[in-house]
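**Student:** Protein sequences appear in the order of chains A and B. So in my numbering, spot 30 of the first sequence is number 245, and the numbers just go up one at a time. So in my numbering, spot 298 of the second sequence is number 300, and the numbers just go up one at a time.
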Amino acid sequence: MNITRLIIVAVGGQGNLLASKVLGEAACRQDIPVRMSEIHGMAQRGGVVESAMIFGDAHSTIISDGEADVLLGFEPLEALRALNKCNADTIVITSTSPLPPFTAAIGKGVYPDMAAIEAYIRPRVKSLITLDANALAVEAGNVLSVNMVLLGSLIGAGVLPLSDAAVREAIKDTTKAAFAEINLKAFDLGRAAVKG
Amino acid sequence: MHPLLENQPNKQVLMLGNEAIARGAIEAGVAFAAAYPGTPSSEIALQFFQISKTTDLYFEYSANEKVALEVAAGAAMCGLRTMASMKHVGLNVASDALMTLAYTGVAGALVLVVADDPYMFSSQNEQDSRYYGKLSGLPILEPSTVAEAREMTVYAFDLSEELKLPVILRTTTRINHSSGVVTLGPMRKRQTKGDFIKDPFNYVCIPSVSRRLHPILLEKIETARTMAETSPWNRIEGEGKWGVICNGVSYGYVSDAIEELGFAADFKILRIGFSHPFPDARVSRFLEGCEKVLVAEEGEPYMEEAVRNCAHKAGLPVTIKGKGKGLFSRLYEFDPTLVKTAIAECFQLPVKHARPVPIADLPEAPPRPPNLCPGCPHRAAYVAVREVFGDDAVYPTDIGCYTLGLLPPLRMGDFLIAMGAGIGTAGGFARASGRKTVAFIGDSTFFHSGLSPLASAVYNNHDFTVVVLDNGTTGMTGHQPHPGVDLSHLNLDKKPISIEAAARGLGVEKVITVNPFHYKKTVDALRQIADYRGVSVLIARAPCPLYERGLPGFKKKRPFTVNEKTCGNHQSCTKTVACPAFFVEDARPRIDAQRCTGCALCAQVCPENAIVRVSEKGEAS
């Protein structure tokens, strides 16, 4: 079976570990081999959290530079910074809602504007898909559902071997019951936002 | 019911590596477990902590790794199946006990999990723990996948019981923190009560006893070697003329590389999973059929040395490669491309490289290092210490969240090597340099390794200050308890120990406790201490904001905001406090109300008192 390599980058607290767990559970439901690797540790301290997911018949659990088929950015600057994982055939999906690091507040560098980020990424990869995940999460009813919006964008863009139904089931089973409705709405909004 | 207690053999479950290890232990009937947390091992202990609340499994967070190993050893001497888990550097702490525990052996079973951290994602060094197998004589098992981590853990208990020796299960970050599908096995019943059969002339390691026990250990090592020789954990795949010997996660990278390079029929892989004692005869047989062999292992050339030794003893002329220029490094972790490139180089094969997009001209962007959280009391303590002692003092520091105080603008931390070494080295810095020395240590680290160096410093009349950054939990690893933490809200009956009483009990005469968010009082206390000669202790006590919000009765404080009318734009707040709740808009400081915890530190530092609490109506008050 074809191998799909996905990198997810986010800022600590954005919920990407839960998002990758949902994708992993969805893959299990479809009997698709899946392995994933994540770097925790600093997750709650504002650092970058990266997860790698490999769908299909491979043995590795991490992704080398230039090997990602899909890069999902929960934050545009972090998507830019993770571009070394991409090649000319990579599909990049990123939220456009910036989370400037505190270093910007103490004068260590200037946060680049979104147009500059897009202009840099777009010509280097196969395609760049952008969405304002924060706005869609707020629309769904909870700003914390950004991760579900972005899961929706992955499925809407059709870049993973996962079905809509399997991911929806995984969201219901993996996330807190009290948030299931909002999470599914967020997922749907994300999916609709990237469907061409 | 805890998900790891599910008694459904053959069910397939997606699990984290650390969950798979804990599940394996539960399946093997582990009855007694202990740990000191440390990335990447911490989630193993977390499972036991949760499971122990609803079952008869005994689990404790011990004060340090040595105590964890010792308490598990005591229970293993009574015939129980036990586990101690720790990170690689934790085994340094526990090693004193381990070395002679290998002589006594155990009556039941003891599995010691040690989690190495190649590339040092969360560690101070990347030492290779496999050498502890050689040093102690104990067997080492190394899983290559998450699924295998479960299976190997079950086997480790059987092996320990059979050999009457502790067994080391050695993992790396990419096993502990990877997830994969695990097939559940059957559950063995826990036996939680044992009995100790006295046998002092085999268990009390005085010289005459140890002289007799050491040859017994050597015999056990040879027994273990015969088991490693035929162990299914050491397996050969393929029949080619080119050999690759690998272990742990390298096995996955090697398998993928050989598949991608397209010469699979020419290769033969030996995956070593039972790596100490080394299966010399099996390796020699593997080498016999090979023209050339590459050893693919992260870290030190542990296997490579052993393989060369085998070839030498068997008089085999085979070329053996491993660490070296153009091939593998002893540094950092491997990745699939690195391994594929080394295999192609070694066997002179064409390789299609991935082509990462060019990023040499990536726009300059502000970095995003991990940082002390908004409302972190360590930041408050650091700002006060800097105000009093400035750049002149020497600041040995220690291991925990507070190590992040190293970063600008706080810049608090001049020397860091090991748990407790902040206090230990302080006496040397102070005496040799004559400079004011302020050592930082967290509350969990204080109980882990701070007590002995403090006693030593008092006794030897050293002159320095210890700042205990007491946030009431082990913050960095996920809020585990330590001997100073009350757990009555979890209905757990613990006897918390006072840090003040411990310091006074060790002879410290100057002990002051402050709430670091009371900024002026903290500065005053530090000034008092500045004039004191001898060992002084300042305890800066305020809860970790992440831990506090999970405690009963927690109420979120109202956030602060910048009053634009009175703000003189000095930016003392962003430049000295640098809380991540600040952001800059139109060149002026602003506070993100979502992130502000209402700690009030910045309000006390602002020269115009322009930082004010948001009123209940949500306005600046």
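No residue lacks a Cβ here, since even glycine has one placed at the ideal position from N, Cα and C. On a predicted model such as this, the values are computed, not experimentally measured, just so you know.
Can you tell me whether Gln482 of chain B is buried or exposed? The criterion is at least 16 other CB atoms within 10 Å of its CB, across all chains shown.
**Tutor:** One-based indexing of the second sequence puts residue 482 of chain B at position 480. Counting Cβ neighbours within 10 Å, Gln482 of chain B comes out buried, since at least 16 surround it.
**Student:** Taking Cβ positions only, does Ile308 of chain A come closer than 7 Å to chain B?
**Tutor:** Taking the first residue of the first sequence as position 1, residue 308 of chain A is located at position 93. So, not an interface residue.
**Student:** To the nearest angstrom, how far is it from the Cα of Gly291 of chain B to the Cα of Lys327 of chain B?
**Tutor:** Mapped onto the second sequence, residue 291 of chain B falls at position 289. Mapped onto the second sequence, residue 327 of chain B falls at position 325. The straight-line gap from Cα to Cα measures roughly 26 Å.
**Student:** Residues in the same chain with beta-carbon distance under 6 Å from Ala36 of chain B, minus the five sequence neighbours each way, listed in chain order, please.
**Tutor:** Position 34 of the second sequence, counting from 1, holds the residue named residue 36 of chain B. These residues qualify, in order along the chain: Glu62, Ser64, Ala70, Val73, Ala74 and Ala86.
**Student:** What is the rounded straight-line gap between the Cα of Val184 of chain B and the Cα of Arg370 of chain B?
**Tutor:** Residue numbering aside, residue 184 of chain B sits at position 182 when the second sequence is read from its first letter. Residue numbering aside, residue 370 of chain B sits at position 368 when the second sequence is read from its first letter. Distance between the alpha carbons of Val184 of chain B and Arg370 of chain B is about 35 Å.
**Student:** What's the call for Glu241 of chain B, buried or exposed, on a 16-neighbour Cβ count within 10 Å?
**Tutor:** On the second sequence, position 239 is the one that residue 241 of chain B refers to. Counting Cβ neighbours within 10 Å, Glu241 of chain B comes out exposed, since fewer than 16 surround it.
**Student:** Rounding to the nearest angstrom, what Cα-Cα distance links Ala230 of chain B and Gly19 of chain B in this structure?
**Tutor:** Here residue 230 of chain B refers to the residue found at position 228 when the second sequence is read from its first residue. Here residue 19 of chain B refers to the residue found at position 17 when the second sequence is read from its first residue. Going by the C-alpha atoms only, they are around 24 Å apart.
**Student:** Any idea if His314 of chain B is buried or exposed, counting beta-carbon neighbours within 10 angstroms, 16 or more meaning buried?
**Tutor:** Locating residue 314 of chain B in the second sequence gives position 312, where the first residue counts as 1. Flag for His314 of chain B reads exposed.
**Student:** Let me check understanding here. Comparing Cα to Cα, which of B:Leu329, B:Lys354, B:Ser451 and B:Ala356 lies closest to Ile345 of chain B?
**Tutor:** Taking the first residue of the second sequence as 1, we reach residue 345 of chain B at position 343. Closest by alpha carbon: B:Leu329.
**Student:** Taking 7 Å as the threshold (beta carbon to beta carbon), is Lys323 of chain A in contact with chain B?
**Tutor:** By 1-based counting over the first sequence, the position of residue 323 of chain A is 108. Closer than 7 Å to some Cβ of chain B, the Cβ of Lys323 of chain A qualifies, so yes.
**Student:** Is Glu240 of chain A close to chain B? Criterion is C-beta to C-beta, closer than 7 Å.
**Tutor:** Indexing the first sequence from 1 puts residue 240 of chain A at position 25. True, the Cβ-Cβ gap to chain B drops below 7 Å.
**Student:** Of the choices A:Thr219, A:Arg220, A:Ile223 and A:Asn231, whose alpha-carbon is the least far from that of Thr390 of chain A?
**Tutor:** Position 175 of the first sequence holds residue 390 of chain A. It is A:Asn231.
**Student:** When Cβ atoms are compared, which residues of the stretch 269–294 of chain A fall closer than 8 Å to chain B?
**Tutor:** The residues in question are Ala273, His274, Ser275, Thr276, Ile277, Ile278, Ser279, Asp280, Gly281, Glu282, Leu292 and Glu293.
**Student:** How many angstroms separate the CA atom of Glu29 of chain B from the CA atom of Pro545 of chain B?
**Tutor:** Reading the second sequence from its first residue, position 27 is the one you call residue 29 of chain B. Reading the second sequence from its first residue, position 543 is the one you call residue 545 of chain B. Roughly 37 Å between the two C-alpha positions.
**Student:** Here's a check: name, in chain order, each residue in its chain whose Cβ is nearer than 7 Å to the Cβ of Val156 of chain B, leaving out the five neighbours to either side.
**Tutor:** Residue mapping note: residue 156 of chain B aligns to position 154 of the second sequence, counting from 1. Within the same chain, Val156 of chain B has close Cβ partners Gly26, Glu29, Ala30 and Gly187.
**Student:** Taking Leu374 of chain B as the reference, which of B:Leu412, B:Pro365, B:Cys348 and B:Pro368 has the closest Cα?
**Tutor:** Position 372 of the second sequence, counting from 1, holds the residue named residue 374 of chain B. Checking every option, the nearest Cα to that of Leu374 of chain B belongs to B:Leu412.
**Student:** Please name the residues in the stretch 254–267 of chain B whose beta-carbon is closer than 7 Å to at least one beta-carbon of chain A, in chain order.
**Tutor:** Going along the stretch 254–267 of chain B in chain order, one finds Gly254, Tyr255, Ser257 and Asp258 with a Cβ nearer than 7 Å to chain A.
**Student:** With a threshold of 7 Å between beta carbons, is Gly262 of chain A in contact with chain B?
**Tutor:** Along the first sequence, one-based indexing puts residue 262 of chain A at 47. Yes, its Cβ sits closer than 7 Å to a Cβ of chain B.
**Student:** Name the two residues that bound the continuous alpha helix (DSSP H) containing Asp118 of chain B.
**Tutor:** Mapped onto the second sequence, residue 118 of chain B falls at position 116. Taken as a continuous stretch (DSSP letters only), Asp118 of chain B belongs to no alpha helix (DSSP H), being part of the beta strand (DSSP E) at Ala111 to Asp118.
**Student:** Apart from the five residues on each side of it in sequence, which residues of its chain come closer than 6 Å, Cβ to Cβ, to Leu114 of chain B?
**Tutor:** If you number the second sequence from 1, residue 114 of chain B lands on position 112. Answer for Leu114 of chain B: Ala86, Pro168 and Ile170, listed in chain order.
**Student:** Can you tell me which of the three DSSP states Tyr404 of chain B falls into?
**Tutor:** Reading the second sequence from its first residue, position 402 is the one you call residue 404 of chain B. It is helical.
**Student:** Distance, Cα to Cα, Arg551 of chain B vs His520 of chain B?
**Tutor:** Translated into the one-based positions of the second sequence, residue 551 of chain B becomes position 549. Translated into the one-based positions of the second sequence, residue 520 of chain B becomes position 518. Roughly 20 Å between the two C-alpha positions.
**Student:** Please confirm whether Glu384 of chain A has its beta-carbon closer than 7 Å to some beta-carbon of chain B.
**Tutor:** Here the question's residue 384 of chain A lines up with position 169 in the first sequence. For Glu384 of chain A, the answer is no, since every Cβ of chain B falls outside 7 Å of its Cβ.
**Student:** How long is the line joining the alpha carbons of Asp337 of chain B and Pro281 of chain B, rounded to whole angstroms?
**Tutor:** Against the second sequence, residue 337 of chain B aligns to sequence position 335. Against the second sequence, residue 281 of chain B aligns to sequence position 279. In a straight line, the C-alpha of Asp337 of chain B is about 26 Å away from that of Pro281 of chain B.
**Student:** Closest to Ala583 of chain B by C-alpha separation, out of A:Cys243, A:Ala331 and A:Ile321, would be which residue?
**Tutor:** The sequence position of residue 583 of chain B within the second sequence is 581, counting from 1. Answer by Cα proximity: A:Ile321.
**Student:** For the stretch 5–20 of chain B against the stretch 376–389 of chain A, do three or more pairs of beta-carbon atoms, one drawn from each stretch, fall closer than 8 Å, so that the two count as touching?
**Tutor:** No, the stretch 5–20 of chain B does not touch the stretch 376–389 of chain A.
**Student:** Helix, strand or coil for Asp130 of chain B? Go by DSSP, reduced to three states.
**Tutor:** The count along the second sequence starts at 1 and reaches residue 130 of chain B at position 128. Here Asp130 of chain B sits in coil by DSSP.
**Student:** Of all the CB atoms in chain B, is at least one closer than 7 Å to the CB of Ile247 of chain A?
**Tutor:** In the first sequence, counting from the first residue as 1, residue 247 of chain A sits at position 32. Chain B, which has no Cβ nearer than 7 Å to the Cβ of Ile247 of chain A, makes this no.
**Student:** Looking only at C-alpha atoms, which of B:Thr563, B:Pro518 and B:His464 sits nearest to Ser538 of chain B?
**Tutor:** Position 536 of the second sequence, counted from the first residue, corresponds to residue 538 of chain B. Comparing Cα positions, the closest option is B:His464.
**Student:** Could you round the C-beta distance between Lys270 of chain B and Gly250 of chain B to whole angstroms and report it? I think they count as a contact, below 8 Å.
**Tutor:** In the second sequence, counting from the first residue as 1, residue 270 of chain B sits at position 268. In the second sequence, counting from the first residue as 1, residue 250 of chain B sits at position 248. The pair is not a contact, with the Cβ atoms about 19 Å apart (cut-off 8 Å).
**Student:** What are the partner residues of Gly250 of chain B, as DSSP defines its beta bridges?
**Tutor:** For the purposes of this step, residue 250 of chain B is taken as residue 248 along the second sequence, with counting starting at 1. According to DSSP, Gly250 of chain B bridges with nothing at all.
**Student:** Kindly say whether Arg370 of chain B, judged by its beta-carbon, lies nearer than 7 Å to any beta-carbon of chain A.
**Tutor:** The residue labelled residue 370 of chain B in the question sits at position 368 within the second sequence. Taking Cβ atoms only, chain A reaches closer than 7 Å to Arg370 of chain B, which makes this a yes.
**Student:** For Ala503 of chain B, count neighbouring Cβ atoms within 10 angstroms of its own Cβ and tell me buried if that reaches 16, exposed if not.
**Tutor:** The residue given as residue 503 of chain B occupies position 501 in the second sequence. Under this definition Ala503 of chain B is an exposed residue.
**Student:** Should the stretch 390–408 of chain B be called in touch with the stretch 365–385 of chain A, which here means at least 3 C-beta pairs below 8 Å?
**Tutor:** The stretch 390–408 of chain B, when compared against the stretch 365–385 of chain A, does not touch it at the 8 Å Cβ threshold.
**Student:** In angstroms, rounded to a whole number, what distance separates the CA positions of Gly624 of chain B and Tyr133 of chain B?
**Tutor:** Since the first and last residues shown for chain B are 3 and 623, residue 624 of chain B lies out of range.
**Student:** Do Leu346 of chain A and Ser177 of chain A have their beta-carbon atoms positioned less than 7 Å apart in this structure?
**Tutor:** In the structure as shown, chain A begins at 216 and stops at 411. Residue 177 of chain A is therefore absent and cannot be evaluated.
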